[in-house]
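Participant: Can you read through this structure? Questions will come right after.
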Amino acid sequence: MHTYEMNPAGTTDIGNVRSVNEDHLLADGDLFAVADGMGGLGHGQVASRTAIQSLHQAFLDDPTTDGLAAAVQAANRAVCERAEAEPAGPTDRGGSTDQAAGQTTDRTMGTTIAAVALVTEDGVDRLAVANVGDSRVYLLHNQQLRCLSSDHSRVAELVRAGELTEEEASGHPERHILTQALGIGPDIEPHMASVEPSAGDRVMLCSDGLFNELTTGEISELLTTIVDPSEAADRLVAAANERGGNDNITVVIVDIA
Ligand code: MG
């Protein structure tokens, strides 16, 4: 039994430019996730769906923080297995710069994953967070928006190294190049975080189709002012589409009560 109750809402949208939606989302019980697939011939859809299904199944076996970390590893193995079973095709995440670094032509698919789970450890509820790639998890607490995930992208690494500012990174032509993704190889190092939630907190998971169109300030404004989680998710997606909708857009909002 958890102390807190999770009230989720989620939506995914193809955007204005792409011909397929390669994002997938999960909002089930205490587990919430977003995956953003890449790969031509429909492989991006397969990768993100496979990752979400595998993560879900594995987490149900061990609904703890360690279980979430293990579930991300299981999702990676599942996507790698699917990739090996598919014939190689042209990689197409919709843009020529959009690929995982180190990806070779025989890798047919890959996907990001960002996940949040409500777990109870030593009688205390915690939010366990995991991510690989550049899908994100944010926490809105006391009207302050904080990113709990860590992008595995070349540009994010340059920001962390102090070589680029956040502002320079936001419009950077190489911002889509990932340094880690599921389905590329057996060795991944998910970013993990853990926070103690409070009643009234709001968690948001999203794919890069949201934060590449909207500033953090704009996202924060909508999350702070729109009370209903379903309406907030829809309005965020609509706002990203109004700015261009250059990628698939996925938003999951979880209100904690
Ligand atoms: Mg994307």
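Heads up, the final residue of the sequence shown is numbered 1121 in the numbering used here, and it's a clean run with no missing numbers.
We put the beta carbon where it would ideally sit given N, CA and C, even for glycine.
1) Would you say the beta carbon of G1073 comes nearer than 7 Å to a heavy atom of ligand 1?
2) Using the Cα positions of S1013 and D998, report the straight-line distance between them to the nearest angstrom.
3) Using the Cβ count rule (16 or more neighbours within 10 Å means buried), how would you classify R957?
4) Any heavy atom of ligand 1 inside 7 Å of the beta-carbon of N880?
5) Please tell me whether G892 and P927 are closer than 8 Å, where the distance is taken between their beta carbons.
6) So is the beta-carbon of D930 under 7 Å away from any non-hydrogen atom of ligand 1?
7) Compute every distance between the C-beta of D900 and the non-hydrogen atoms of ligand 1, then say whether any falls below 7 Å.
8) How many angstroms separate the CA atom of G903 from the CA atom of A1045?
9) Taking all protein chains shown into account, decide if S1071 is buried (16 or more other Cβ within 10 angstroms of its Cβ) or exposed.
10) Please report the residue range of the alpha helix (DSSP H) in which I1083 lies.
11) Taking N940 as the reference, which of I977, F923, E1095 has the closest Cα?
12) For L1012, name the three-state secondary structure that DSSP assigns.
13) Which same chain residues, not among the five before or five after V1101, have their C-beta less than 7 Å away from its C-beta?
14) Which value, in whole angstroms, describes the spacing of the CA atoms of E950 and T972?
15) Would you be able to state if there are at least three C-beta pairs under 8 Å between the segment 1048-1061 and the segment 1086-1099?
Facilitator: Let me spell this out:
1) As a working note, residue 1073 is residue 209 in the sequence shown. Yes; taking the cut-off as 7 Å, the Cβ of G1073 has a heavy atom of ligand 1 nearer than that.
2) Position 149 of the sequence shown, counting from 1, holds the residue named residue 1013. Position 134 of the sequence shown, counting from 1, holds the residue named residue 998. The straight-line gap separating the alpha-carbon atoms of S1013 and D998 is approximately 9 Å.
3) Indexing the sequence shown from 1 puts residue 957 at position 93. In this prediction, R957 scores a pLDDT of 47, lower than 50, which makes its location untrustworthy; no coordinate-derived value is stated.
4) Position 16 of the sequence shown, counting from 1, holds the residue named residue 880. No.
5) Indexing the sequence shown from 1 puts residue 892 at position 28. Indexing the sequence shown from 1 puts residue 927 at position 63. Here residue 892 is Asp; the residue named in the question, Gly, does not match the sequence. With respect to the 8 Å criterion, D892 and P927 are not classified as neighbours on the basis of their beta carbons.
6) Here the question's residue 930 lines up with position 66 in the sequence shown. D930 Cβ: outside cutoff for every heavy atom of ligand 1.
7) By one-based count along the sequence shown, residue 900 stands at place 36. A distance criterion of 7 Å places the beta-carbon of D900 in contact range of ligand 1, judged by its closest non-hydrogen atom.
8) What you label residue 903 is simply residue 39 of the sequence shown in a count that begins at 1. What you label residue 1045 is simply residue 181 of the sequence shown in a count that begins at 1. Just so you know, the alpha carbons of G903 and A1045 end up roughly 12 Å apart.
9) Stepping through the sequence shown from its first residue, residue 1071 is reached at position 207. Its Cβ being crowded by 16 or more others within 10 Å, S1071 is buried.
10) Reading the sequence shown from its first residue, position 219 is the one you call residue 1083. 1080-1089 is the extent of the alpha helix (DSSP H) around I1083.
11) Within the sequence shown, residue 940 is the residue found at index 76, counting from 1. Comparing alpha carbon positions, the residue from I977, F923, E1095 closest to N940 is I977.
12) Taking the sequence shown and counting its residues from 1, one reaches residue 1012 at position 148. Judged by DSSP in its simplified three-state form, L1012 adopts coil rather than helix or strand.
13) For this step, residue 1101 is matched to residue 237 along the sequence shown. Once the five neighbours on either side are set aside, the close Cβ partners of V1101 are T875, D877, I1113, V1115.
14) What you label residue 950 is simply residue 86 of the sequence shown in a count that begins at 1. What you label residue 972 is simply residue 108 of the sequence shown in a count that begins at 1. When only Cα atoms are considered, E950 and T972 end up about 7 Å apart.
15) Judged by Cβ distances under 8 Å, the segment 1086-1099 makes no contact with the segment 1048-1061, as fewer than three pairs qualify.
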